[in-house]
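Note that the protein sequences, when read in sequence, are chains D and C.
Just so you know, we're using this note's numbering here: the first sequence kicks off at 44 and counts up by one.
Just so you know, we're using this note's numbering here: the second sequence kicks off at 44 and counts up by one.
The structure appears right after this line, and notes come after that.
Protein chains: 2
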Amino acid sequence: MKTVIVGGVAGGMSAATRLRRLDESAEIVVFERSGYVSFANCGLPYYIGGVIEERDALLLQTPASLGARFGLDVRVGHEVLSIDRAAKTVRVRELASGTESDEAYDNLILSPGASPFVPDLPGISRALTLRNIEDTDAMSDALAAAEASGGPTSAVVLGAGFIGLEVAENLVHRGWDVTVVELADQVLAPLDPEMSALVQARLEANGVRVLLGQSATALGASDLTLTSGETLPATIVVAAIGVRPESQLAKDAGLAVSDRGGIIVDASQRTSDPSVFAVGDAVVKVDAVDDAPTANWLANPANRQGRLVADVIAGRAQAFPPVLNTAIVGVFGLQAAATGWSEKRARAAGRAIRVIHTHPADHAGYYPGAKGMSLKLVVDAATDAILGAQGVGESGVDKRIDVIATAMRGDLTASDLVDLELSYAPQFGSAKDPVNMLGMIAENLRDGLTETIQWHELEAEVARGVQLIDVRTPGEFARGAIPGAINIPVDDLRGRLDEVDADSIVHCQVGLRGYIAARLLAGHGKRARNLDGGYRTWARA
Amino acid sequence: MKTVIVGGVAGGMSAATRLRRLDESAEIVVFERSGYVSFANCGLPYYIGGVIEERDALLLQTPASLGARFGLDVRVGHEVLSIDRAAKTVRVRELASGTESDEAYDNLILSPGASPFVPDLPGISRALTLRNIEDTDAMSDALAAAEASGGPTSAVVLGAGFIGLEVAENLVHRGWDVTVVELADQVLAPLDPEMSALVQARLEANGVRVLLGQSATALGASDLTLTSGETLPATIVVAAIGVRPESQLAKDAGLAVSDRGGIIVDASQRTSDPSVFAVGDAVVKVDAVDDAPTANWLANPANRQGRLVADVIAGRAQAFPPVLNTAIVGVFGLQAAATGWSEKRARAAGRAIRVIHTHPADHAGYYPGAKGMSLKLVVDAATDAILGAQGVGESGVDKRIDVIATAMRGDLTASDLVDLELSYAPQFGSAKDPVNMLGMIAENLRDGLTETIQWHELEAEVARGVQLIDVRTPGEFARGAIPGAINIPVDDLRGRLDEVDADSIVHCQVGLRGYIAARLLAGHGKRARNLDGGYRTWARA
């Protein structure tokens, strides 16, 4: 049995090595268009920034090391041009020599990945992208040349997604002036705006200029013009707008491809041809929340799919599960992470949802060094299912998002988070962990014990005359308050009930005292909605 | 409705504040024997060590603050002496004045906690314990007095459990010479010995003398004698051997109490008297693995039970789930954590199990600063259920144990861990997270793709003549090898198959290359068992 694999990173190489471990007699040929396989693609921005100092650190395996250990026939610098499904052969070009030949397969695995989208603009040919080692070398060389020339070192990064922000941070780390240009009205689209605002603030605090709602119209030799008409100095331009599945090979071979260009596969990663499989960024996945087709560009599913395909080819039935799209990015010391759906996505889909914002510390406040974070949970109002979560903070966000992603995989409800038994010592967490607290709030909302209002719903309510009560201390109130709010500290509330309307909105700094106040008022027959996430979420949004 | 609560920390205070939020008209009286409520009991060792500098940081609430915010009647320095269940009253003594009085209740919540066990030994009265603020003050004073005297500052800590080790570390931090004496043959009983060995080594590397298999027989004025006959200098002695439920009050009132002294409750935390509830360290819990009665002394379940009892009293049905006993301790920069059962516990219970050891890094190895950790997973051989997990390392152990504890709560199997979608960027994790890797190994074991042998099974197999092949590099082999092993590097194995017996044991440094070798040999018709956890686990054990 001979398996040919197109693409030697992540999914492709996971498939190759797993298949060898399952079948010592299998013939396995891997074609990789670039000059490198199994490189650390998620590390490329950090090599650009000098955080990863040695280029060799990016090269996890070589054709030789894979040959010795796994008996793989790995051919870099080889592009697969076409697939003859009837003959079960692929046409391959050795790029250095231009020589073409046919390679037969019993099973074919496509792991072509996704290519950076580069808009068709005047002067765009000088834009750099960052997908592979060759790109990395080119960007390194361009940066080094500019630095050596003693001229300006201004970079414009097009796109404020995960890779765009990683590149921006690393260019700053290298001493460049950086502007990020993003068409959307926020950075980091997987987050909701009041969460991504924290990331934007961190970027700006580190000298990155962030321009939202704009895109480039043309690139000059050393500048770039925006839709606003502004011209930015741009010694280099990095295109990190997004990626597109590299599915042309599959499409040309008549394999089923979605409208958005993803290769369509079943749960075994089999394409519309039973001898052809596809994995990774190029394939259509199933969304865990609504079971609809979706794309994702993440390393974990790509590797998982590669391993799974090897199992299937070796006769071991496996099914790839729907994806949560769990992702994280570091931005100047902040962790920004998400899993599942955002509020905006759920609202766009017409879901009835409950939304929870909290601002906990990563560990017990009484132990030195606690860092604050902001968490958000999106909950299905009908079923209490967790639809998604987001977190931004300096420490411990990864842990909470991973716990919630695991709870989602285990079909735990939002209220079930109350009962998670998480590790606690004061350096590492809290007796009531931030995830437990999300569960408590979810349970209170589910059971109607508390009613909340979101930051984006507040203005209209205040405008129609609903009383807004700030239950923080007079000192907090004096340092900054929401327009129209009156101040009744929570600890004074029982004695000042006559000042409270029958229907009011209460708020505190993060939501906890507001909740206590709302319950107190409910106990006295008054309806009080609590501003979710408190003053902090409102002020950031 | 009047609720009386005995004990104003963790469970008791969680019950009191939740009950107020649920019922503004409830009368709530809290009796606390000590002078303080709602203090940070998990922080006490760190105040002793000066890590937490301000004593006030330990005092999260006061009777006055709880009165103002929650309308609670909190009476510190009040001991509840007895319960008259027929009359529904408790007899209370105000400790300062000695005045006694009766307090009526509709519902009574017992949250008495657990008291440090102090063995009955000559001279034991000078041993210190660390349960509450008064204990903390006494220990602080004793340390300060010894330090001020300019005399010796030698401490002996009896017991190498969580609190014992925290006290030991903090005493070292304060500059004391510390010896830990433990009756068992390892530190940290919830871990298996090859895992706790890492913690012991870290203690010893920081100057702590660790004496296992010993206990004290007598305390002198400035020394302590051991069962071995050795006498240790002991300016102070700390008893951290364990705790006992404070259930005398419940027992005297005729409430059902287990043989081991725990108050017996149902899933609503109701005792054998429907008007009396009990929560926290004093109550019997249900073990999540075997549904048997168990004890635990952890903050998370105590707080959860307190909240739950308030719900039940307010008419909201709730059931406390079985406990996993998830716990963590910091020891000189190491995190040691566990959830569920250990291997030794599972073997003692006669369970057929699969055991997995790994030694991953906390984040991608190509990104600077990755720290190693050791993980262990215990799996039910019949069902693939996760029975428990342990981890020891400098970073990221808390996250992996929390993820596994969440997977256990969600009834995911060990093999299901393959499919967890965890957050990955190179600073924070790996594309195949350590938890995913545990799942891959579990799946391979479940499906019979690989057969492993544990460190404690190796010696007997080698003794009966089974070939042991070290598949590491010659350099690694030269730096230290298992007696009797021959060296065939994995990358040479295909060319040296004739040197391999039909039945052999293979091993590498951590287990991965050994697995590759075992699969390779299986592909050539040879049985090869892989030494689980590799040389590293073997060498540590």
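Ideal Cβ placement from N, Cα and C applies to all residues, glycine included.
Of the residues D:K45, D:I525, D:G434, D:K414, the one placed nearest D:L420, counting alpha carbons only: D:G434
Starting from C:D178, find everything on chain D with Cβ-Cβ shorter than 8 angstroms and list it in chain order. Here the premise fails: no neighbours, minimum Cβ distance about 17 angstroms.
Are the C-beta atoms of D:Q378 and some chain C residue less than 8 angstroms apart? yes
Can you give me the start and stop residues for the beta strand (DSSP E) that C:K45 sits inside? 45-49
Under a Cβ-count criterion, where at least 16 other Cβ atoms within 10 Å of its own Cβ denotes burial, should C:S290 be classed as buried or exposed? buried
If you check the beta carbons only, do C:L65 and C:V319 fall under 8 angstroms apart? no
Roughly how many whole angstroms lie between the Cα atoms of D:G194 and C:F471? Approximately 36 angstroms between the Cα atoms of the pair.
What is the DSSP secondary structure of C:N339, counted as helix, strand or coil? The three-state reading of DSSP puts C:N339 in coil, since its state is none of H, G, I, E or B.
Specify, as a first and last residue, the run of the alpha helix (DSSP H) that D:L65 falls within. 54-65
Out of D:G453, D:S108, D:N573, which one is the CA nearest neighbour of D:R428? Just to set this straight, residue 428 of chain D is Ala in the shown sequence, not Arg. Closest by alpha carbon: D:G453.
Put C:E247 into one of helix, strand or coil per three-state DSSP. Three-state result, C:E247: helix.
I want to verify the contact list: residues of chain D whose CB lies under 8 angstroms from the CB of C:C85, in sequence order. A407, Y467, A468, P469, A474
For C:K442 and chain D, any beta-carbon pair shorter than 8 angstroms? Interface flag for C:K442 against chain D is set, since a Cβ pair is found closer than 8 angstroms.
I want to check one thing, is the minimum distance from the CB of C:G263 to the heavy atoms of the ligand NAD below 7 angstroms? This structure lacks the ligand NAD, and indeed carries no ligand of any kind.
To which residues of the same chain is C:T172 closer than 6 angstroms at the C-beta, ignoring the five residues directly before and after it? Cβ neighbours of C:T172 beyond the five flanking positions: P159, D178, A282.
Using the Cα positions of D:V223 and C:G93, report the straight-line distance between them to the nearest angstrom. 45 angstroms
Can the beta-carbon of D:C551 be found closer than 8 angstroms to that of D:R515? yes
Close-in-space but distant-in-sequence residues of the same chain around C:G285 (CB under 6 angstroms, 5 per side omitted): F160
Distance check for C:E122 and C:T449, CA to CA, integer angstroms please. 39 angstroms
8 angstroms is my cut-off, CB to CB: does D:Y410 come that close to chain C? So, interface residue.
Secondary structure of D:R522, DSSP reduced to three states: D:R522: coil per DSSP, three-state reduction.
Euclidean distance between Cα positions of C:L269 and C:L275: 8 angstroms
Can you tell me which residues form a DSSP beta bridge with C:A107? BP columns for C:A107 are empty, so no partner.
Quick one, are the C-beta atoms of D:A468 and C:C85 less than 8 angstroms apart? Closer than 8 angstroms, so yes.
Boundaries of the alpha helix (DSSP H) in which D:H406 is found, first to last residue: No alpha helix (DSSP H) holds D:H406; DSSP gives it neither H nor E.
Does the beta carbon of D:E519 come closer than 8 angstroms to any beta carbon on chain C? no
What would DSSP say about C:F82, mapped onto helix, strand or coil? Looking at C:F82 - three-state DSSP - the assignment turns out to be strand.
Would you please verify whether the beta carbon of D:A457 is less than 8 angstroms from any beta carbon of chain C? no
In chain C, which residues lie with their C-beta within 7 angstroms of the C-beta of D:R64? I559, R562
Does C:R537 get closer than 8 angstroms to chain D when you measure Cβ to Cβ? yes
Would you say C:A263 faces chain D, with C-beta separation under 8 angstroms as the test? Reading the sequence as shown, one finds Gly at residue 263 of chain C and not Ala. For C:G263, the answer is no, since every Cβ of chain D falls outside 8 angstroms of its Cβ.
Going by alpha carbons, who is nearest to D:A230 out of D:R63, D:A188, D:V372, D:D546? In the sequence as presented, Ala is not what sits at residue 230 of chain D; that position holds Val. For the residues D:R63, D:A188, D:V372, D:D546, the minimum Cα distance to D:V230 belongs to D:V372.
Have a look at the DSSP bridge pairing and note the partners of D:E225. D:L255
At least 3 beta-carbon pairs within less than 8 angstroms: the segment 113-133 of chain C vs the segment 68-88 of chain C: yes
Check whether D:A561 and D:A571 have beta carbons under 8 angstroms apart: yes
For C:A584, which of C:A325, C:H567, C:L151, C:A244 has the nearest alpha-carbon? C:A244
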